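Chemist: Here it is: the structure, laid out below.
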Amino acid sequence: MSAETSVPRPRESGVDISDSGLFKGLMSEAEFAFAFFDPEGRFERANEVFSDVVGVPADRLAGRTPAETLTADLSQLITHAVQGVVESDGPVTEGRVRVRTTEGDTRHWSLSFSPVHDDQGELRAVALVGADVTESRQTEEDLRRSEERYRSLVEAQSQLVWITSPTGAVVEDAPQWRAITGQGLEEYLAHGWLEAVHPDERQHTEEVWKEALRGRTMFEWNYRVRTRASGFRHFEVRAVPIIRHGRVVEWVGANTDVTPQREAEEMRGRLTDQLGAAALRTARLQGATAMLAEALTVEQVVQVIIDVGRTALAADRSAVALLDLDRAVLKLVNGGGVPEAPGATGEEVPLSHSSVLTMAVNSRRPVFAESPESLKAQLLDAGGDEDVLTAFLAHSDERAWVGLPLLAAGRALGALRFSFTRPQKISQEDGVFLEALAGQCALAVERATLFEREHRTAETLQRSLLPDRLPVVKGLVLAQRFRSGSRHVQVGGDWYDAFVLQDGRVAAVVGDVMGKGVKAAAGMGRIRNAMRALALTNPPPAAVLTGLDRVFDATEEEEQVTTLAYMVVEPGTGEGTLALAGHPPPVLVSPQGTAILCDAEPGTPLGWPTSRRQFRFVVPPGHTAVLYSDGLVENRKRGLDAGLAELCAVVTEAPPEVVNNPHMLLDFLVDRMLSGYEQDDDVTALAIHVPPATKSD
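With full-length UniProt numbering, letter number 90 in the sequence shown gets 90, and the count goes up by one each step, no holes.
Pasting the structure below:
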């Protein structure tokens, strides 16, 4: 007889199932489970392995059906399989069954059933062969779980896994890729995936991929992929070669969708840029505000605006125009801020003329023109002449404009004009910055205009309290210089005076009433008038100062500080007498340009109890005596002693023609002593020059 399995084998004759030693050995020694059934489905024989599997001794199985000896599920499976073999006269594989051992373990067996024929080809029996596949089943289960975990991990990470041949051609489907890109299978295979890559990145991606294939190195890249909806998503890609026995057998790669991260990074970048731009605009506005706060005159304000336009706006031209409401014109403060071109106006722009400046003032609103077409359209809407505008734009190199009204409490003061020689995009944030800048500029212009007006008024008032002219006396030349401090608009307390006494001598005085405003001016007027009255009645300096002390006690407040230097000099000879009341000492300048500080006792300010003294002070012919206020030698950065030393040094630097001319000498001293310092006080100087003797004298 022969046993027919899935692969038919030649029938073998002369083999008896019951007597063959070979068969007995196979039944007893093999690790497989064997059982034979007659065509009616009864057990004929089973080995010990099968007996152990089903838990029934072999001798109890012989001659019985599975239903009589086995569990219901197992007997049903075997009975069904045996019937199938008998009916089909062919093998039947029932797959795997699970059985529990006497020790309580679960084992998995693979069962197959085959027909056994005799020499005449008649069905003699049905053979059951069972193999223990518990270990392989466990291996398969582990592998299945590993694959499930890997697949879950990939899906959780939004990764698209793909495989290519050793040459880089796609040979397996990647459903996730096609679901995203909308490619068909034929479109995707081979190198079709490249068609889904963004056109700007396709060539470079292909070159890098080919380089990795040639070098058998890891492929790491990123590119954008066209989606089914015709948008693009960002992917990071990594692929590695699988090498066996020194040869690449395939490439395995994964695409990770990083679009959310990229979008977040781009959003952070935009926010960072916006915050940085906002911080920069704020810093620039603060800087402009600080500079405008320091500007006292309109000229200084205009210079700040020009600097801000150049640095903060990158404007090529900046112009400031102030409104003359009575004449209905705008006066350009800096004419260079508007180009010379047909249709452009001169230093004055009538409000009826259509321009960036007038439109900003008339509308009380900012004007933003990002191109010539935009400017022309806006000016035409404002009533401008088309021919004039066309001519202006044709000859001007400007391509963008900003006009800002200068408004103070709703009242127009003028306008700012910034222009660019290139088209300029004005964002909403830029507009807010420009309006804030215009507000600060308006305050600065209003403050500077008020300062200049009040400063002129104060200086006029102060000069009105000083002598209109100095006396002209033979044998004596007098010169004076007065420079009002630039940091205030109030009248100061510096003063000078010179007059001829009854005996022909000349009285000269320089005084300083500390403080500013009406109070200081009133004190200066009282001391000056008392000084003249006392000098004309009792001219010796000590007597005059003593009288001034009494006047000061009677008229001035205790906290008021007033100093002065008073001298009487004889014309021609220069013989004189000097007294000081807390005032810096005079300096005597020789014809050779040497300087000598008077060493007379400085005394105390007026009103302080003291015994006044006077000293002989001679101005020899050819010499010049200079009386001055402390503003000439002292300031915030230079102390009195250093200032006196510097004054003497400056005298030595004066040219001969300057030394012998008192007017030129005072100009030289004032200019050089104030050079490099910010003037924060009035400066008063009075020169008494005795001409050198001549033969006619």
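Just so you know, even glycine gets a beta-carbon here, dropped at the ideal spot from N, CA and C. Model, not experiment: these values are computed from the prediction.
Are the Cβ atoms of Leu416 and Leu404 separated by less than 7 Å?
Modeler: yes
Chemist: To the nearest angstrom, how far is the alpha carbon of Glu446 from that of Ala408?
Modeler: Computed Cα separation, rounded: 8 Å.
Chemist: What are the residues that DSSP puts in a beta bridge with Phe37?
Modeler: Phe43, Val126
Chemist: Do the stretch 463 to 482 and the stretch 530 to 547 make contact, defined as three or more Cβ pairs closer than 8 Å?
Modeler: no
Chemist: Tell me the rounded alpha-carbon separation between Pro691 and Asn529.
Modeler: 30 Å
Chemist: Residue range of the alpha helix (DSSP H) that Glu172 falls in?
Modeler: Where Glu172 is concerned, there is no enclosing alpha helix (DSSP H), given that its DSSP letter is neither H nor E.
Chemist: Kindly indicate which three-state DSSP category Leu686 falls into: helix, strand or coil?
Modeler: strand
Chemist: May I have the straight-line CA-CA distance separating Gly253 from Val237, to the nearest angstrom?
Modeler: 7 Å
Chemist: Counting only runs that start and end within the stretch 576 to 626, where is the beta strand (DSSP E) found for 3 or more residues in a row?
Modeler: 576 to 581, 587 to 589, 595 to 597
Chemist: Nearest-angstrom Cα distance between Arg411 and Glu398?
Modeler: Cα-Cα distance, rounded: 29 Å.
Chemist: Taking DSSP's pairing of strands, which residues face Trp209 in a bridge?
Modeler: Note: Trp209 sits in no beta bridge, so no partner.
Chemist: Three-state secondary structure (DSSP) at Asp681?
Modeler: Under the three-state reduction of DSSP output, Asp681 falls in the coil class, being neither helix nor strand.
Chemist: From the DSSP output, read off the bridge partner residues of Glu348.
Modeler: Lys331
Chemist: So what's Asp387 in DSSP terms, helix, strand or just coil?
Modeler: helix
Chemist: Does Thr181 pass the burial test, meaning 16 or more other C-beta atoms within 10 Å, or should it be called exposed?
Modeler: buried
Chemist: Buried or exposed: Met531, going by 16 or more other Cβ atoms within 10 Å of its Cβ?
Modeler: buried
Chemist: What is the rounded straight-line gap between the Cα of Val489 and the Cα of Asp681?
Modeler: Low local confidence applies: a pLDDT of 45 at Val489 is under 50, so the model's placement there is unreliable, and no value is given.
Chemist: Indicate whether Gln555 and Pro605 have their beta-carbon atoms separated by less than 7 Å.
Modeler: Note that residue 555 is Thr in the sequence shown here, rather than Gln. In this structure, Pro605 does not lie closer than 7 Å to Thr555 by Cβ.
Chemist: With three or more beta-carbon pairs closer than 8 Å as the criterion, would you say the stretch 503 to 514 touches the stretch 568 to 588?
Modeler: Judged by Cβ distances under 8 Å, the stretch 503 to 514 makes contact with the stretch 568 to 588, as three or more pairs qualify.
Chemist: Tell me the residue span of the alpha helix (DSSP H) that contains Asn660.
Modeler: From DSSP, Asn660 is part of no alpha helix (DSSP H); its letter is neither H nor E.
Chemist: Using CA coordinates, which residue listed in Thr594, Pro620, Glu557 is at the minimum distance from Thr573?
Modeler: Pro620
Chemist: Within its chain, find whatever has a CB closer than 7 Å to the CB of Ser75; leave out the 5 residues flanking it on each side and keep chain order.
Modeler: Pro66, Ala67
Chemist: Following the continuous alpha helix (DSSP H) through Ala542, name the residue where it begins and the one where it ends.
Modeler: 541 to 555
Chemist: Give every residue of the same chain whose Cβ lies closer than 6 Å to the Cβ of Gly287, excluding the five residues on either side of it in the sequence, and list them in chain order.
Modeler: none
Chemist: Less than 7 Å between the beta carbons of Thr684 and Val509, yes or no?
Modeler: no
Chemist: Is the Cβ-Cβ distance between Ala321 and Leu330 less than 7 Å?
Modeler: yes
Chemist: Note down, one range per segment and in chain order, each alpha helix (DSSP H) of at least 4 residues found wholly within the stretch 256 to 323.
Modeler: 259 to 294, 298 to 311
Chemist: Taking the straight line between their C-alpha atoms, what separation do you get for Ser174 and Glu187?
Modeler: According to the sequence shown, residue 174 is Ala rather than Ser. Computed Cα separation, rounded: 12 Å.
Chemist: Could you work out which residue in His80, Val99, Val97, Thr101 is closest to residue 698 when comparing CA atoms only?
Modeler: Outside the shown range of the chain, which is 1 to 697, sits residue 698, and nothing can be said about it.
Chemist: Considering only their Cβ atoms, is the gap separating Thr624 from Pro584 smaller than 7 Å?
Modeler: no
Chemist: What three-state label does DSSP hand Leu450 in the structure shown?
Modeler: Three-state result, Leu450: helix.
Chemist: Count the other C-beta atoms from every protein chain shown that fall within 10 angstroms of the C-beta of Val589, then say buried if there are 16 or more, exposed otherwise.
Modeler: buried
Chemist: Here's a check: name, in chain order, each residue in its chain whose Cβ is nearer than 8 Å to the Cβ of Gly622, leaving out the five neighbours to either side.
Modeler: Ser590, Pro591, Asn660, Val690, Pro691, Pro692
Chemist: Using only alpha-carbon positions, find the residue among Glu103, Gly523, Phe113, Thr106 that is nearest to Ala33.
Modeler: Phe113
Chemist: To the nearest angstrom, how far is the alpha carbon of Glu172 from that of Thr93?
Modeler: Glu172 and Thr93 have their C-alpha atoms some 32 Å from each other.
Chemist: Using the Cα positions of Glu206 and Leu194, report the straight-line distance between them to the nearest angstrom.
Modeler: 7 Å
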